[in-house]
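Visitor: Take any residue in the sequence shown, count from 1 to its spot, add 1: that is its number in the numbering used here. Quick one: structure below, then a few questions.
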Amino acid sequence: MTSEPQVLVHRDKEELAEAVAARLITRVVDAQSARGSASVVLTGGRNGNGLLAALASSKARGAIDWSRLDLWWGDERFLPEGDPERNATQAHEALLDAVPLDPARVHTMAASDGAYAGDVEAAAEAYATELAAAARPEDHARVPSFDVLLLGVGPDTHVASLFPEHPALHETERTVVGVHGAPKPPPTRITLTLPAIRAAQEVWLLAAGEDKADATALALTGAGELQAPAAAAHGRRRTLWLLDEAAAGRLPRALYPRALS
Ligand SMILES: O=C1O[C@H](COP(=O)(O)O)[C@@H](O)[C@H](O)[C@H]1O
Numbered sequence: 002m003t004s005e006p007q008v009l010v011h012r013d014k015e016e017l018a019e020a021v022a023a024r025l026i027t028r029v030v031d032a033q034s035a036r037g038s039a040s041v042v043l044t045g046g047r048n049g050n051g052l053l054a055a056l057a058s059s060k061a062r063g064a065i066d067w068s069r070l071d072l073w074w075g076d077e078r079f080l081p082e083g084d085p086e087r088n089a090t091q092a093h094e095a096l097l098d099a100v101p102l103d104p105a106r107v108h109t110m111a112a113s114d115g116a117y118a119g120d121v122e123a124a125a126e127a128y129a130t131e132l133a134a135a136a137r138p139e140d141h142a143r144v145p146s147f148d149v150l151l152l153g154v155g156p157d158t159h160v161a162s163l164f165p166e167h168p169a170l171h172e173t174e175r176t177v178v179g180v181h182g183a184p185k186p187p188p189t190r191i192t193l194t195l196p197a198i199r200a201a202q203e204v205w206l207l208a209a210g211e212d213k214a215d216a217t218a219l220a221l222t223g224a225g226e227l228q229a230p231a232a233a234a235h236g237r238r239r240t241l242w243l244l245d246e247a248a249a250g251r252l253p254r255a256l257y258p259r260a261l262s
């Protein structure tokens with residue numbers, strides 16, 4: 002089962018970050034009260050980090066039981082531990098160091114100088130194993146059915162480290178793969194594949210800024226999955242495109258309810 006994309010447009014990137022932070026707090030609190038815990042897949046990039054910063058400064062952040070939250074990553078730049086370009090480093094700076102998480106529930110992807118000694122394929126396989134161990138029988142997948150999986154949309158329509166026309170987009174078996182020759186630095190990365198992304202209950206795609214307007218329009222107006230990877234990202238129950246007015250600027254008006262001012 003997939004879900005039709007829904008589009009919500011906020012005024013600017015600051016309003017987008019604050020509104021998505023409020024939405025995420027509500028979603029996590031609901032999942033924790035229903036099940037005892039929640040799981041969220043983080044994204045890197047400007048909008049992902051803007052969201053984490055908005056969560057850090059939200060007065061409502063205390064509503065989340067941070068010790069019962071599993072955090073995963075959709076992708077990682079295969080760089081040494083602590084490198085400022087690693088998505089995990091940026092997430093720690095923006096939010097994770099400021100909240101009482103259980104370190105055992107913070108599932109970072111391996112660094113290039115870590116246990117797999119520069120072998121990105123082995124690092125990807127290890128993350129797939131960690132995900133499979135966390136999946137419950139009721140998830141019906143080799144990954145947990147994440148409550149929310151966040152994806153920042155790149156100006157070329159990439160999501161996670163799935164770039165247009167790249168071989169990782171063809172993956173139908175593995176849930177995590179190594180990426181070589183990414184067009185955006187660094188060239189070597191680790192990414193969830195489409196089957197892993199589509200196991201999430203809800204997929205939220207984030208885009209702000211005029212440089213995302215073409216990507217957003219392309220992905221939401223019928224582009225193929227190879228041409229526009231963002232078009233291939235769906236949640237089982239919900240697929241939400243969360244935009245600011247600049248990123249929504251080239252969308253047909255019929256696609257979203259809020260009129261641009
Ligand atoms: O490299 C990456 O870029 C995308 C989008 O980044 P943005 O700065 O253009 O918003 C991000 O989603 C991905 O996780 C990251 O590794």
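No residue lacks a Cβ here, since even glycine has one placed at the ideal position from N, Cα and C. None of the values given here were measured: they were computed from a predicted structure.
(1) DSSP three-state label for I26, please.
(2) Quick check: the region 183 to 191 against the region 69 to 80, are there 3 or more CB pairs under 8 Å?
(3) Check for me: the alpha helix (DSSP H) holding P196 runs from which residue to which?
(4) Can you tell me whether P165 is buried or exposed? The criterion is at least 16 other CB atoms within 10 Å of its CB, across all chains shown.
(5) Let's see if you can read the secondary structure: which residues bound the alpha helix (DSSP H) around E122?
(6) How should S34 be labelled, buried or exposed, when 16 other C-beta atoms within 10 angstroms of its C-beta is the threshold for buried?
(7) Kindly indicate the opening and closing residues of the beta strand (DSSP E) around L72.
(8) Output the boundary residues of the beta strand (DSSP E) element that contains Q7.
(9) Have a look at A112, G63, E15 and flag the residue whose alpha-carbon is nearest the alpha-carbon of A54.
(10) When you compare the CB positions of G210 and A247, do they come within less than 8 Å of one another, or not?
(11) Terminal residues of the continuous alpha helix (DSSP H) containing G115?
Guide: The answer reads as follows:
(1) Sequence index remark: in the sequence shown, residue 26 carries index 25 (1-based). When secondary structure is reduced to three states using DSSP, I26 falls in the helix class.
(2) These segments touch.
(3) Position 195 of the sequence shown, counting from 1, holds the residue named residue 196. First-last of the alpha helix (DSSP H) with P196: 195 to 198.
(4) Locating residue 165 in the sequence shown gives position 164, counting from the first residue. Within 10 angstroms of the beta-carbon of P165 lie 16 or more other beta-carbons, which makes it buried.
(5) As a first step, residue 122 must be located in the sequence shown, where it is residue number 121. That run of the alpha helix (DSSP H) goes 121 to 135.
(6) Your numbering for residue 34 matches position 33 in the sequence shown. When all chains shown are included, S34 counts as exposed.
(7) The residue given as residue 72 occupies position 71 in the sequence shown. Looking at the DSSP string, the run of the beta strand (DSSP E) that includes L72 is 70 to 74.
(8) As a working mapping, residue 7 is identified with position 6 in the sequence shown. For Q7, the enclosing beta strand (DSSP E) has its first and last residue at 6 to 11.
(9) As a position in the sequence shown, residue 54 is number 53, starting the count at 1. Proximity to A54 across A112, G63, E15 peaks at E15, based on C-alpha coordinates.
(10) Reading the sequence shown from its first residue, position 209 is the one you call residue 210. Reading the sequence shown from its first residue, position 246 is the one you call residue 247. Taking 8 Å as the Cβ cut-off, G210 and A247 qualify as a contacting pair.
(11) Stepping through the sequence shown from its first residue, residue 115 is reached at position 114. Looking at the DSSP string, G115 is not in any alpha helix (DSSP H), and its letter there is neither H nor E.
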